[in-house]
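Participant: First the structure, then my questions, so here it is.
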Amino acid sequence: MNRLALLLVAALAPWTIAPPAGADDPRTEAAATLKRDLKPRGITTLDLLVEDGVQAVCNRTDDKPPKELAQRLEQDQLAGIRWPADGKLVGDWKSGERIAQNGRGMTWSDPAGTPGGGSCYNCHRIGPEETSFGSIGPSLLQFGKLRGYGPDMQRYVYGKIYNAKAYNLCSLMPRFGHVGALTEQQIKDLVALLLDPASPVNK
Amino acid sequence: MTRALALCAAAAFIAALPVPPAAGQSKPPAVERDATTEEFEKFRAVLEADNPAELFEVKGEELWKTPRGPKNASLAACDLGLGPGVVKGAYVQLPRYFADTGKVMDAERRIVHCMVTLQGFDAAALAKQPFSTETRTPDPVALTTFVAGQSRGMKIAPPQSLPQERAAFALGREIFFYRAGSYDFSCASCHGEDGKRIRTQQLPNLTRPEQAIRGYQGWPGYRMTGGVMHTLQWRLNDCFRQQRFPEPEYLSDSLTALLTYLAVNAKGQVYKGPGIKR
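Protein sequence lines, in the order shown, are assigned to chains A and B.
Residue 103 in our numbering sits at position 103 of the first sequence; the count goes up by one each step and never skips.
Just add 1000 to the spot in the second sequence (first one is 1) and you have our numbering.
Structure follows, in structure tokens:
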């Protein structure tokens, strides 16, 4: 079996792959060591340590998967996006700004069942007035003004926030909708923050 | 400046962070944030002349020398890798392999091992609440601060001559790059590139020697947020929390491996001793 095929099988059904012969595979040892040393706390459980298909491929290719494989897996991720039933993708930008500011969610110190935030400012410049912003992701200032406000752009932004890996398989950005970190309404509100012409982002 | 005055100044400075944006004003923030970092560095320099971490070094030294625990023994016979009782220079030469346990151990792990074997303290009890709170600084924290202080001004020099030590480094590197969890994060998601920030916090690229030392520098550290003393065991614990992973067990192999990866990457850089953290 060639390398691509192996990766593909690993991606589609990682649990069917037996660990490589010999316990000296460092990655297998790393996963086993983490599983042994980490303990569930709060909402974090040990199943979080099991790689899904995307993580498995990105971990095994240093985040540089072969193009063909990446495209196939991106399509799978795209197909898993749940689009709003009402067809509306743009919510309230003011609520979106609060969600973008909120860095809570999915840690062992976060309560179960409470919607967290998008942690957006941790990595992106967004609104013009917030000077405390990170630089891991690109600046989103003037996002709509520069790229347009149309239906295609709305669909892209909703999809990107829902599952960034549908567009760039090993993106550093979390899959907020896919893992249930943000609700449909929260994602709509973030779309509005970037794409409502009235949002300060586009002033 | 007296210590109290310095702390007041620091508190006032911290209270002023982050700088609230003036309404309706749009400035070039990247430049401004760098200025903020510079200001903090100036305050750090002032404070380090009269460093609160030194109080914990003194307390740790007393704990080290006093006969304590069920066996009423001091830690004078504790071997941190350079021979029984040798503390000078030990911190910067850890993690290392210890034949008596068959394990690679980092500083705090080895100190706790000595507390258990020499003094008779209960390992499970020490692991129960290992991190400082406003009202309590666990003994291993003060002891680690003392031991770290005895390597002030020395170069980071973790041994890699034994296969177990090289294996710990390799394991640490794998864990560092292992993406999983609800946000698909690895350590490298935040610490694998140069010049990145989370909000205004500068992130060292821990894969590079001249920046990996920043993961070491200032730890054990007096953290102004909360005003408590913390070691690298706490720092890594909080990284795992923010990574959206489950909680690593105190003194576990995963943490020793990561500390080995960090120490080897920082090799040759000068450790300035226990310090101050934001």
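The beta-carbon is built from N, C-alpha and C at its ideal position, and this holds for glycine as well.
1) Thinking C-alpha only, which one of B:1232, B:1130 and B:1168 is nearest residue 1221 of chain B?
2) I'd like the span of the beta strand (DSSP E) that includes residue 1198 of chain B, first residue to last.
3) Going by DSSP, which residues form a beta bridge with residue 1201 of chain B?
4) According to the Cβ coordinates, are residue 104 of chain A and residue 117 of chain A closer than 8 Å?
5) Hey, could you find the ends of the beta strand (DSSP E) residue 1230 of chain B is sitting in?
6) Hey, would you say residue 1091 of chain B sits closer than 8 Å to residue 1132 of chain B, going by beta carbons?
7) Pick helix, strand or coil for residue 90 of chain A, following the three-state DSSP scheme.
8) Any Cβ of chain B within less than 8 Å of the Cβ of residue 55 of chain A?
9) I believe residue 1261 of chain B touches residue 1192 of chain B by the beta-carbon criterion, under 8 Å. Please report the beta-carbon distance rounded to the nearest angstrom.
10) Hey, quick one: how far does the alpha helix (DSSP H) through residue 1279 of chain B stretch, first residue to last?
11) For residue 1180 of chain B, which beta-bridge partners are listed by DSSP?
12) Please name the residue or residues paired with residue 1221 of chain B in a DSSP beta bridge.
13) Check residue 1206 of chain B in the structure and name its three-state DSSP category.
14) Measuring straight from C-alpha to C-alpha, what distance separates residue 1051 of chain B and residue 1043 of chain B?
15) Taking C-beta pairs closer than 8 Å, name the residues in chain A that residue 1171 of chain B reaches, listed in chain order.
16) Decide if residue 109 of chain A is buried, meaning its Cβ has at least 16 other Cβ atoms within 10 Å, or exposed.
17) Kindly list, in the order they appear in chain B, the residues whose Cβ is closer than 8 Å to that of residue 135 of chain A.
18) Report yes if the C-beta distance between residue 194 of chain A and residue 143 of chain A is below 8 Å; otherwise report no.
19) How far does the alpha helix (DSSP H) with residue 1147 of chain B in it extend, from its first residue to its last?
20) Taking the alpha helix (DSSP H) that residue 173 of chain A falls in, what are its first and last residues?
21) Taking its Cβ as the centre, do 16 or more other Cβ atoms sit within 10 Å of residue 1244 of chain B, making it buried, or is it exposed?
22) I'd like to know whether the C-beta atoms of residue 1278 of chain B and residue 1229 of chain B end up nearer to each other than 8 Å.
23) Please name the residue in B:1082, B:1065, B:1097 and B:1198 whose C-alpha comes closest to that of residue 1163 of chain B.
24) Please check if any C-beta of chain A sits within less than 8 Å of the C-beta of residue 1133 of chain B.
Facilitator: From the atom records:
1) In the second sequence, residue 1221 of chain B corresponds to position 221, counting from 1. For residue 1221 of chain B, the closest alpha carbon among the candidates B:1232, B:1130 and B:1168 is that of B:1232.
2) Numbered from its first residue, the second sequence carries residue 1198 of chain B at position 198. Its beta strand (DSSP E) spans residues 1196-1198.
3) Along the second sequence, read from residue 1 onward, the residue named residue 1201 of chain B stands at position 201. Residue 1201 of chain B pairs with B:1198.
4) As a first step, residue 104 of chain A is located in the first sequence; it is residue number 104 there, counting from the start. As a first step, residue 117 of chain A is located in the first sequence; it is residue number 117 there, counting from the start. Yes, these two residues count as a Cβ contact at 8 Å.
5) The residue you call residue 1230 of chain B lines up with position 230 of the second sequence. That run of the beta strand (DSSP E) goes 1228-1230.
6) Mapped onto the second sequence, residue 1091 of chain B falls at position 91. Mapped onto the second sequence, residue 1132 of chain B falls at position 132. Not closer than 8 Å, so no.
7) Start at 1 with the first residue of the first sequence, and residue 90 of chain A comes out as number 90. In the structure shown, residue 90 of chain A falls within a coil segment according to DSSP collapsed to helix, strand and coil.
8) Mapped onto the first sequence, residue 55 of chain A falls at position 55. With 8 Å as the cut-off, residue 55 of chain A counts as an interface residue toward chain B.
9) The residue given as residue 1261 of chain B occupies position 261 in the second sequence. The residue given as residue 1192 of chain B occupies position 192 in the second sequence. In fact, because the Cβ distance is near 12 Å, the residues do not count as touching under 8 Å.
10) Any answer about residue 1279 of chain B is impossible in this case: the structure gives chain B only from 1001 up to 1278.
11) In the second sequence, the residue the question calls residue 1180 of chain B occupies position 180. Partner(s): B:1185.
12) The sequence position of residue 1221 of chain B within the second sequence is 221, counting from 1. B:1230 and B:1275, per the DSSP bridge assignment.
13) Walking along the second sequence from the start, residue 1206 of chain B turns up at place 206. Here residue 1206 of chain B sits in coil by DSSP.
14) As a working note, residue 1051 of chain B is residue 51 in the second sequence. As a working note, residue 1043 of chain B is residue 43 in the second sequence. When rounded, the distance between both Cα atoms is 11 Å.
15) Along the second sequence, one-based indexing puts residue 1171 of chain B at 171. In chain order: 26, 29, 30 and 33.
16) The count along the first sequence starts at 1 and reaches residue 109 of chain A at position 109. Its Cβ having fewer than 16 others within 10 Å, residue 109 of chain A is exposed.
17) What you label residue 135 of chain A is simply residue 135 of the first sequence in a count that begins at 1. Near residue 135 of chain A (Cβ distances below 8 Å), the residues of chain B are 1030, 1195, 1196 and 1197.
18) The sequence position of residue 194 of chain A within the first sequence is 194, counting from 1. The sequence position of residue 143 of chain A within the first sequence is 143, counting from 1. Yes, they are a contact pair.
19) Taking the second sequence and counting its residues from 1, the one referred to as residue 1147 of chain B is at position 147. DSSP places residue 1147 of chain B in the uninterrupted alpha helix (DSSP H) bounded by 1139-1149.
20) Locating residue 173 of chain A in the first sequence gives position 173, where the first residue counts as 1. From DSSP, residue 173 of chain A is part of no alpha helix (DSSP H); its letter is neither H nor E.
21) Along the second sequence, read from residue 1 onward, the residue named residue 1244 of chain B stands at position 244. Residue environment analysis places residue 1244 of chain B among the buried positions, since at least 16 neighbouring C-beta atoms fall within 10 angstroms of its C-beta.
22) Along the second sequence, read from residue 1 onward, the residue named residue 1278 of chain B stands at position 278. Along the second sequence, read from residue 1 onward, the residue named residue 1229 of chain B stands at position 229. Against a cut-off of 8 Å, the Cβ pair of residue 1229 of chain B and residue 1278 of chain B comes out as no contact.
23) If you number the second sequence from 1, residue 1163 of chain B lands on position 163. Residue B:1097 is the option with its Cα nearest to residue 1163 of chain B.
24) For the purposes of this step, residue 1133 of chain B is taken as the residue at position 133 of the second sequence. False, the Cβ-Cβ gap to chain A never drops below 8 Å.
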